[in-house]
Amino acid sequence: MFLIQDFLVKADNTGAIKLQSIPCAIYTMIQHYLWLVVFMWTIIEGFLMYLSLVQVFGSHISKYMLKFNLAAWLIPLPLPIIGYFVFTKTHIVGGVQAIEHNYMADSMCFLKPKTISFFALFFGPLVLAIMVNLVFFGLVLKVIRSSKNANLSDRELFLRQLKAAIAVMVLLGTGWVIGIFMNIPEPHMQVTLQYIFICVNATQGVFVFIFYVVLNDQVKNYWLEKFGISTATPSKSSASTSKATAGNVYANATAKTDDHTYSTAAEFPAKK
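Using my numbering, read the sequence shown as starting at 335 and increasing by one per residue.
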């Protein structure tokens, strides 16, 4: 969205979308809404991990994907609309209509920084999502740290626990914590934090791919079989699945095969 904005919106107001126009307002609300959806999905992911790895028993949710999709896409929907209509005011001065924009920025089609609308409708939900996910992260990390495996050395167990902890951090979007401190007035510190923030969050998808595809043996075996590179090994797979369900702390004992919370332990990277 920001890349598209570079082509359509210009700081000197010569772009296809004029600053503080109706198209600019629509573009701002779309961006605002999509960011809120991202924050909502990180909370849902944290909740799923909590159910699957901490609560475990009694954590089955019927039609969970439908319910979570509705929550993620519908709950944030009113906020951009409220933000625009509440914080955009029209004044008549000397017979001339003037519009006061406290929702849109003056030089781009995004929320106006350091305003009530920005802190209440964007920064506030971001902080809330981070705080909730930090709680989930602490609970999940406690489970990961307390897991034991007699077949592994202390070093191997530590590396697996570290891998699982990093994977959880990636999914929960904890890199957004850096975004909270980007308002530090000191210019050099602010620029440094902006670079770190961009690098951490821009590579989130890459880390998800690495931890949940490249380093996941089941996913790799599936795609190798799909492309005919290797053959299926049913006996080994079934033995691995039964072992994971019986002895792995990450298994969800109440999950069904066709309707579950986060699926079985085989999908969680700490197991590998």
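For every residue, glycine included, the Cβ atom is placed at its ideal position computed from N, Cα and C.
Nearest in C-alpha terms to Leu404, of all of Trp375, Phe456 and Lys423, is Trp375. Between the stretch 456-469 and the stretch 423-436, the count of C-beta pairs closer than 8 Å stays below three; the two stretches do not touch.
Annotated as distal: Pro410 and Met363, with beta-carbon spacing of 8 Å or more.
Rounded to the nearest angstrom, the gap between the Cα atoms of Ala406 and Ile378 is 8 Å.
Close CB contacts of Phe456 within its chain, under the 6 Å cut and outside five residues either way in sequence, are with Leu445 (chain order).
Contact annotation: Tyr437 and Gly417 have beta-carbon atoms nearer than 8 Å. A distance below 6 Å between beta-carbons, with the five flanking residues on each side excluded, links Ala350 to the following residues of its chain, in chain order: Leu342. With contacts defined as CB atoms closer than 8 Å, Val534 and Val474 fail to qualify as a contacting pair. Nearest neighbour of Lys352 by Cα position, chosen from Ile514, Ser441 and Phe531, turns out to be Ser441. Taking Cys443 as reference, the option from Leu408, Gly507 and Gln365 with the minimal CA-CA separation is Gln365. According to the DSSP secondary-structure assignment, Lys423 is paired through a beta bridge with Glu434. If you compare the alpha carbons of Ser451, Pro447, Gln552 and Lys560 with that of Phe421, the shortest gap goes to Ser451. The DSSP-derived three-state label of Leu445 is strand. By the neighbour-count definition (other C-beta atoms within 10 Å, threshold 16), Gly513 is a buried residue. Distance from the Cα of Ile356 is smallest, within the candidate group Leu408, Val372, Ser386 and Phe419, for Phe419.
Per the coordinates, the alpha-carbon of Thr449 lies some 25 Å from the alpha-carbon of Ile530. The beta carbon of Met516 sits closer than 8 Å to those of Gln524, Leu527, Gln528 and Phe531, all from its chain and outside the five residues before and after it, given in chain order.
In summary, Ala536 is exposed, with fewer than 16 beta-carbon neighbours lying within 10 Å of its beta-carbon over all protein chains present. A straight line joining the alpha-carbon of Phe541 with that of Ala501 spans about 8 Å. Going by beta carbons, Gly509 and Gln538 fall inside the 8 Å limit.
Secondary structure in the stretch 466-542: the alpha helix (DSSP H) runs of 4 residues or longer, each lying completely within the stretch, are 488-506, 511-514 and 521-536 in chain order.
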